[in-house]
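Asker: First residue of the sequence shown? That's 63 in my numbering, and the numbers climb one at a time after it.
Pasting a structure here, questions to come.
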Amino acid sequence: MVKFLKPNKVVILLTGRYAGKKAVIVKNNDDGTTGRPYGHCIVAGLAKEPRKVIKRSSLKKQEKRSKLKSFIKVVNYQHIMPTRYTLDVDLKSLVTADVVDNSTKRKEVRAEVNKILEDKFKSGKNRWFFQKLRF
C-alpha cells in the first residue's frame with residue numbers, strides 16, 4: 063500500500079477539541095510505537111485562524127487581527143482527513159516526541175511555531191491554510 067501521509071501534508075482533524083481545524087503533519091509513525099501501538103502522527107495546527115484585515119483599518123488593528131494561535135498534538139490516523147495541499151514549513155527540528163509529552167516544553171515550542179506560522183501567513187503564500195474552514 064502507498065504511504066501518502068508524509069510530513070508537511072495538510073490534514074483536517076476530525077475528532078476532539080480541535081475537530082475541523084487544519085494542521086500539518088510534522089512526524090508520522092505508520093507502524094506505531096510501544097506506547098501507541100497504532101498508526102499516528104505528530105501534528106502542528108491552527109487553533110485560531112487570523113481574521114480578515116481591511117486596508118483602511120489602523121496598523122494596530124491590522125496587527126491584532128493577523129495574530130494566530132497554534133497547537134501541537136499526537137493524533138491517530140483514524141482521526142485525520144488528508145488534503146491535497148502541502149505546507150512547506152520546517153517544524154521537524156522544533157516539534158519532537160519528547161516535546162509533546164512535556165507540558166512546559168510544549169508551551170515554549172508552541173510560541174515558536176506561532177512565530178513561524180505567522181511569518182508564513184504574512185508572506186501571503188498558502189492562503190488556503192490560514193482561512194477558516196467553512197462547513
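A virtual CB, placed ideally from N, CA and C, is assigned to each residue, including glycine.
What would DSSP say about residue 191, mapped onto helix, strand or coil?
Answerer: In the sequence shown, the residue the question calls residue 191 occupies position 129. Here residue 191 sits in helix by DSSP.
Asker: May I ask which residues mark the beginning and end of the alpha helix (DSSP H) holding residue 161?
Answerer: If you number the sequence shown from 1, residue 161 lands on position 99. Run containing residue 161: 159 to 163, per the alpha helix (DSSP H) assignment.
Asker: Is residue 196 helix, strand or coil when you go by DSSP?
Answerer: In the sequence shown, counting from the first residue as 1, residue 196 sits at position 134. It is coil, neither helix nor strand.
Asker: Taking the alpha carbon of residue 138 as the point to measure from, which residue in 194, 104, 147 has its own alpha carbon closest?
Answerer: As a position in the sequence shown, residue 138 is number 76, starting the count at 1. Answer by Cα proximity: 104.
Asker: Tell me the DSSP bridge mates of residue 132?
Answerer: As a first step, residue 132 is located in the sequence shown; it is residue number 70 there, counting from the start. 108.
Asker: Please determine, among 172, 173, 191, the residue with the shortest C-alpha to C-alpha distance to residue 144.
Answerer: By one-based count along the sequence shown, residue 144 stands at place 82. Cα-wise, what sits closest to residue 144 is 191.
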